[in-house]
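Visitor:
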Amino acid sequence: MDRPHSDAAGAGRFLGLVFPLLPAIPLLFLITQWGSVAEGNVKSVSFPWVPSLGIEFSFFLDGLNLLFALLISLIGVFVAIYAGAYLRGHPMLRRFFLYLALFMVGMLGLVLAADLITLFIFWELTTISSYLLIGFNHDKASARRCALQALLLTTMGGLCLLAGLILLGYTAGTFDLQEILARGDYVRGHSLYPAILVLILLGAFTKSAQFPFHFWLPNAMAAPTPVSAYLHSATMVKAGIYLMARLHPVLGTTPLWEWTLTIVGAITATLAAILAVRQTDLKLKLAYTTVVALGTITMFFGSDDSVAIAAAITFILVHSFYKASLFMVVGIIDHQTGTRELDRLGGLGKLMPVTWFCAGAAAISMAGFPPFLGFIGKELKYEGALAIATEPTLVAGAAIFANILMVTVAGTLALKPFIGRQRPKSDDIREAHWSLWIGPLVLSTLGLTFGLFTPLIAEGLVQPAVVTLLGEPKIVKLKLWHGVNVPLIMSILTFGLGVCAYLYQRPLRAFLAFLLSFFPTTADRIWDALLEGLKRLADVQTRWLQHGILRRYLRVIFLAATAALLLALIRQDNLSLSVAIPALNVKEWTAMLLVAAGAVMASSVSAPLAAVCALGALGVGVALLYLFFGAPDVAITQLLVETLFLVLIAATLHRLPLSYGRHATRFRRLDALIAIAAGVVVTITILAVIEQPFSSPSSDYFVANSMPEAFGRNIVNVILVDFRALDTFGEVVVVFTAALSAATLVGYTLRGRRR
Amino acid sequence: METALAILVGILVATGVYLMLARNLLRYLFGLVLLSNAANLAILAAGRLTRATPPLVPPGMMEPPLPVANPLPQALILTAIVIGFGLLAFALALLTRSYQQFQTLDSDQIREAEPVKEKKMEEAQG
């Protein structure tokens, strides 16, 4: 019994070794292109897809998406190594790697796409793979719920994005991203610009967890930790950020863009910072700090100042490195001790020195201490914040506030689990396998190295991205030491307050909890209520529209048909009705009266047999009318059918109840009104039709050609069996089918009875 | 003449619709008969009424002597009558069968496809 499982585990181990090579391939390719792209060259490749709509399956590589693609594949390699170890022996490891590979393809395609529709396809691919990965532990109801929430929110945004992209392509006259980038002025001046902006930003905000869509990201922590480290901190949530950066030259620099991004970003950063400090679950704490980072970056993209943009780009880089490492560290702690609850951890530093080193290095970068890349990023942020034209105080204030709390969170992550008394008390806790700590070690060390060798980053990555984004050559200088200036003073203030906040963490947390208790509800709960409401609405409207009561459906049908006829009559311009007293002779009057009396009787008698008799009289009356008005063939057929109908009724009536039941005698006022309305409208319609001048060339043709062409004297018969023979053949098929079906229905009962 | 026929069709439609809106399926069926007769007569009226000779070509002639009744509506009505009869026969068989099945002809009570008490049952189970 154990064999299949161990086979699977063995294959999984093999996969764990091979899988990291997959993201290594694009990584190596990107590194070979790096030098050329950093000098400003653009590589592109394109395949025709829907040429008639101008849609291509095309990709390109320039300074901006090089940075994102490098991050995706570099972190991808380490996450893949880490995941192989983290999920070792998991029965569904192969499935996990499949989803992860799907995501990598989606994410790389998204950032490299050079066509709006291509971009959207890959955007949705990341959404779907994110859903599969969040719900990876699908035996847990909470994981399923969180996965669905993320899926619904991001696909909702995705739909908005699709609409926005199509409008953008329509406005710009092309779906080619590079061409659109050159038509920014035209797009911004177009009357559709606000709609395009709002729709695309909705897509970006849902994907990048901006307020008020921020709540899905902490919930997405239901995913295994490698997923959180990769998708929900370093890459996928940056897709919205990438989109904003990519379209900045087209949609940016208007007041609408600047204010929306600045305000939404500031709210997101501030709110998430508060929620981050309040959390005691290490992973959720990290999730909220990711939201802080996303908010901060959004805030900076609101500006078109080169320092602010450079700050945002640098921060994307910094954040990806330290956040991926921290997530993996938390995963290691969880993996080795079985908990990630802050209050249950302590004194692990001696047992897990490498992990502590990784945590420390990443946290220092997060807190923004020199000489790490994080410090440079933060200095640049402050400088950029002061340079933002719209609202420097707001941006700088939000940035400082968020950073103070980031210092606190960083301190908590780097120190709390590792110092003090050892908790949990267990002798089994030891350092993790190398494949677990290699990822965070390399990534956090890179953060340090880049801090020390800034030109590599400044000229190789940040500057090309900024130049691409702003479309003009700018020299970006990243330095560790700027001299004493305002940003430095702001930094010192941040450290001071951050350390204070760290030391008084417990009262601070209690205070924040007290503050948050004034909010009546959380976004998460509002979302649940919305979903519940939607379900109830669907239920109510389904029950209202599809009640399953035949006569109510019929009422709607008859009313609608009557209303449609009435509308057509009203819209008729020269409607004239001449109602003349009909000049009928006695036998015609008799036939008419017979029909009318039969109809009225059939509808009013309270016994089926009487109604059958009335229908018989009516049928004879109708046949007589055909006879009087020159249609003997029709009259014969009508009589024949009447007879057959009577035979049928006689054959079946003994199996049916001989009374209508207790409802039959009641006079239905509403139904009578509908019926009379229908009758009156039909009468008026026929009168209106008769008023039209009559000409029937086909009748004339049949009359003239029946004998010469078809050699038949009975013109009606000739029409049926010669001119329109194919119609008659179809009719025969219909009647035959009806007869077969009826025989089956009735015959089935007979056989059933015999048994 | 057409005026009288138009009013007659109106009466047939009104009584037919009234019957079709009843709960009893047999009455629905009778309503169907009235409605299809109404449709046939409406076609006849639209082709204009005439007391002229039927559309028959006398022996020895290539065309009937004018005026002649319009043959086209007659051909259409013939088709309609036969198709209407097919529909009726099938509906009657269906009706017999469903009465066998449900022991009622009250359409409000034949709710196999869209049951009413689904929600209550769900609540009882949940």
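In order, the protein sequences belong to chains W and U.
Take the first sequence: its letter number 629 is residue 1016 in our numbering, and every next letter is one higher.
Take the second sequence: its letter number 88 is residue 1013 in our numbering, and every next letter is one higher.
From the three backbone atoms N, C-alpha and C, an ideal C-beta is built for every residue, glycine too.
(1) Verify whether the separation of the beta carbon atoms of residue 465 of chain W and residue 686 of chain W is less than 9 angstroms.
(2) Start and end of the alpha helix (DSSP H) containing residue 827 of chain W?
(3) In whole angstroms, give me the CA-to-CA distance for residue 597 of chain W and residue 684 of chain W.
(4) Going along chain W in order, which residues have a C-beta closer than 8 angstroms to the C-beta of residue 1010 of chain U?
(5) Can you find at least 3 beta carbon pairs, one from the stretch 746-758 of chain W and one from the stretch 783-803 of chain W, that sit closer than 8 angstroms?
(6) Taking C-beta pairs closer than 9 angstroms, name the residues in chain W that residue 1015 of chain U reaches, listed in chain order.
(7) Taking 8 angstroms as the cut-off, is the beta-carbon of residue 723 of chain W closer than that to any non-hydrogen atom of the ligand NAP?
(8) Measure the alpha-carbon distance for residue 1101 of chain W versus residue 972 of chain W and round it to whole angstroms.
(9) Could you give the residue range of the alpha helix (DSSP H) that holds residue 690 of chain W?
(10) Would you say residue 1027 of chain U lies against chain W (beta-carbon separation less than 9 angstroms)?
(11) Along chain W, which residues have their Cβ under 8 angstroms away from the Cβ of residue 985 of chain U?
(12) Should residue 771 of chain W be labelled buried (16 or more other beta-carbon atoms within 10 Å of its own) or exposed?
(13) Between which two residues does the beta strand (DSSP E) carrying residue 432 of chain W extend?
(14) Taking the C-alpha atoms as reference points, what is the distance between residue 1142 of chain W and residue 977 of chain W?
(15) Can you give me the Cβ contacts of residue 509 of chain W inside the same chain, cut-off strictly under 7 angstroms, excluding the 5 residues immediately before and after it?
(16) For residue 1115 of chain W, would you say it is in contact with chain U, using Cβ-to-Cβ distances shorter than 9 angstroms as the test?
(17) Which whole-angstrom value is the C-beta distance of residue 773 of chain W and residue 679 of chain W, which I expect to be below 8 angstroms?
(18) Do you know how far the Cα of residue 516 of chain W is from the Cα of residue 443 of chain W?
(19) I want to see whether chain U comes within less than 9 angstroms of residue 956 of chain W, judged by CB atoms only; does it?
(20) With DSSP run on the structure shown, which of helix, strand or coil describes residue 816 of chain W?
(21) Check distances from the C-beta atoms of the stretch 804-829 of chain W to those of chain U and list, in chain order, the residues that come in under 7 angstroms.
(22) Is there at least one Cβ from chain W nearer than 9 angstroms to residue 932 of chain U's Cβ?
(23) Between residue 576 of chain W and chain U, is there a C-beta pair that is closer than 9 angstroms?
(24) Along the chain, where does the alpha helix (DSSP H) that runs through residue 579 of chain W open and close?
(25) Drop a sphere of 10 angstroms on the beta-carbon of residue 1123 of chain W, count the other beta-carbons inside from all chains shown, and report buried for 16 or more, exposed for fewer.
(26) Find out if the Cβ-Cβ distance for the pair residue 885 of chain W, residue 806 of chain W is shorter than 9 angstroms.
(27) For residue 631 of chain W, which residues of its own chain have a beta-carbon under 6 angstroms away from its beta-carbon, when the five flanking residues on both sides are left out?
(28) Note down, in chain order, all residues in the stretch 924-940 of chain W with a beta-carbon under 7 angstroms from any beta-carbon belonging to chain U.
(29) Within this structure, are the beta carbons of residue 502 of chain W and residue 457 of chain W separated by less than 9 angstroms?
(30) So, is residue 909 of chain W buried or exposed, given that buried needs 16 or more other C-beta atoms within 10 angstroms?
(31) If you draw a straight line from the alpha carbon of residue 423 of chain W to that of residue 447 of chain W, how long is it in whole angstroms?
(32) Would you say residue 1055 of chain W faces chain U, with C-beta separation under 9 angstroms as the test?
(33) With contact counted as at least three CB pairs below 8 angstroms, one residue from each stretch, are the stretch 833-844 of chain W and the stretch 474-487 of chain W in contact?
(34) From residue 1058 of chain W to residue 917 of chain W, what does the alpha carbon distance come to, in whole angstroms?
(35) Does the beta-carbon of residue 584 of chain W have 16 or more other beta-carbons within 10 angstroms, so that it is buried, or is it exposed?
(36) Tell me the start and end of each unbroken alpha helix (DSSP H) in the stretch 1015-1071 of chain W that is at least 4 residues and wholly inside, in chain order.
Guide: Let me spell this out:
(1) Against the first sequence, residue 465 of chain W aligns to sequence position 78. Against the first sequence, residue 686 of chain W aligns to sequence position 299. No, the Cβ-Cβ distance between residue 465 of chain W and residue 686 of chain W is not below 9 angstroms.
(2) For this step, residue 827 of chain W is matched to residue 440 along the first sequence. Residues 821-839.
(3) In the first sequence, counting from the first residue as 1, residue 597 of chain W sits at position 210. In the first sequence, counting from the first residue as 1, residue 684 of chain W sits at position 297. Each residue's alpha carbon lies about 11 angstroms from the other.
(4) The residue you call residue 1010 of chain U lines up with position 85 of the second sequence. Those within 8 angstroms of residue 1010 of chain U in chain W are 1028, 1031, 1032, 1122.
(5) yes
(6) What you label residue 1015 of chain U is simply residue 90 of the second sequence in a count that begins at 1. What residue 1015 of chain U touches in chain W: 1124, 1125, 1126, 1128, 1129, 1132.
(7) Inclusion of the ligand NAP in the displayed structure is not the case, the ligand content being empty and no account of it being possible.
(8) In the first sequence, residue 1101 of chain W corresponds to position 714, counting from 1. In the first sequence, residue 972 of chain W corresponds to position 585, counting from 1. Approximately 27 angstroms between the Cα atoms of the pair.
(9) Stepping through the first sequence from its first residue, residue 690 of chain W is reached at position 303. First-last for residue 690 of chain W: undefined, no H or E at that position.
(10) Stepping through the second sequence from its first residue, residue 1027 of chain U is reached at position 102. Output row for residue 1027 of chain U: interface = no.
(11) Taking the first residue of the second sequence as 1, we reach residue 985 of chain U at position 60. Within 8 angstroms Cβ-Cβ: nothing; residue 985 of chain U doesn't reach chain W, min ~10 angstroms.
(12) By 1-based counting over the first sequence, the position of residue 771 of chain W is 384. Residue 771 of chain W comes out buried.
(13) Locating residue 432 of chain W in the first sequence gives position 45, where the first residue counts as 1. Looking at the DSSP string, the run of the beta strand (DSSP E) that includes residue 432 of chain W is 430-437.
(14) Looking up residue 1142 of chain W in the first sequence gives position 755. Looking up residue 977 of chain W in the first sequence gives position 590. Reliability fails at residue 1142 of chain W, whose pLDDT of 39 lies under 50, so the model's placement of it is uncertain and the value that follows must be treated cautiously. Cα to Cα, residue 1142 of chain W sits roughly 51 angstroms from residue 977 of chain W.
(15) Residue mapping note: residue 509 of chain W aligns to position 122 of the first sequence, counting from 1. 493, 496, 497, 500, listed in sequence order.
(16) To locate residue 1115 of chain W, count along the first sequence from 1; it is residue 728. Closer than 9 angstroms: yes.
(17) Against the first sequence, residue 773 of chain W aligns to sequence position 386. Against the first sequence, residue 679 of chain W aligns to sequence position 292. Wrong, their Cβ atoms sit about 20 angstroms apart, outside the cutoff.
(18) For the purposes of this step, residue 443 of chain W is taken as the residue at position 56 of the first sequence. For the purposes of this step, residue 516 of chain W is taken as the residue at position 129 of the first sequence. About 23 angstroms.
(19) Taking the first sequence and counting its residues from 1, the one referred to as residue 956 of chain W is at position 569. Answer no: the Cβ-Cβ gap between residue 956 of chain W and chain U never drops below 9 angstroms.
(20) Reading the first sequence from its first residue, position 429 is the one you call residue 816 of chain W. Coil, per DSSP.
(21) none
(22) If you number the second sequence from 1, residue 932 of chain U lands on position 7. Answer yes: the Cβ-Cβ gap between residue 932 of chain U and chain W drops below 9 angstroms somewhere.
(23) Residue mapping note: residue 576 of chain W aligns to position 189 of the first sequence, counting from 1. No, because no Cβ of chain U sits closer than 9 angstroms to the Cβ of residue 576 of chain W.
(24) As a working note, residue 579 of chain W is residue 192 in the first sequence. Neither: residue 579 of chain W is in no alpha helix (DSSP H) and is coded neither H nor E.
(25) Start at 1 with the first residue of the first sequence, and residue 1123 of chain W comes out as number 736. Looking at its Cβ environment, which holds fewer than 16 other Cβ atoms inside 10 Å, residue 1123 of chain W is exposed.
(26) Reading the first sequence from its first residue, position 498 is the one you call residue 885 of chain W. Reading the first sequence from its first residue, position 419 is the one you call residue 806 of chain W. Cβ atoms of residue 885 of chain W and residue 806 of chain W: not closer than 9 angstroms.
(27) By 1-based counting over the first sequence, the position of residue 631 of chain W is 244. 591, 688, listed in sequence order.
(28) 933, 935, 936, 937, 938
(29) For the purposes of this step, residue 502 of chain W is taken as the residue at position 115 of the first sequence. For the purposes of this step, residue 457 of chain W is taken as the residue at position 70 of the first sequence. Cβ distance not < 9 angstroms, so residue 502 of chain W and residue 457 of chain W don't count as in contact.
(30) For the purposes of this step, residue 909 of chain W is taken as the residue at position 522 of the first sequence. Exposed, since its Cβ has fewer than 16 Cβ neighbours within 10 Å.
(31) Working through the first sequence from its first residue, we reach residue 423 of chain W at position 36. Working through the first sequence from its first residue, we reach residue 447 of chain W at position 60. Their Cα atoms are separated by approximately 13 angstroms.
(32) Mapped onto the first sequence, residue 1055 of chain W falls at position 668. Cβ-Cβ to chain U under 9 angstroms: yes for residue 1055 of chain W.
(33) no
(34) What you label residue 1058 of chain W is simply residue 671 of the first sequence in a count that begins at 1. What you label residue 917 of chain W is simply residue 530 of the first sequence in a count that begins at 1. So the alpha carbons of these two residues sit roughly 40 angstroms apart.
(35) For this step, residue 584 of chain W is matched to residue 197 along the first sequence. Its Cβ being crowded by 16 or more others within 10 Å, residue 584 of chain W is buried.
(36) 1019-1040
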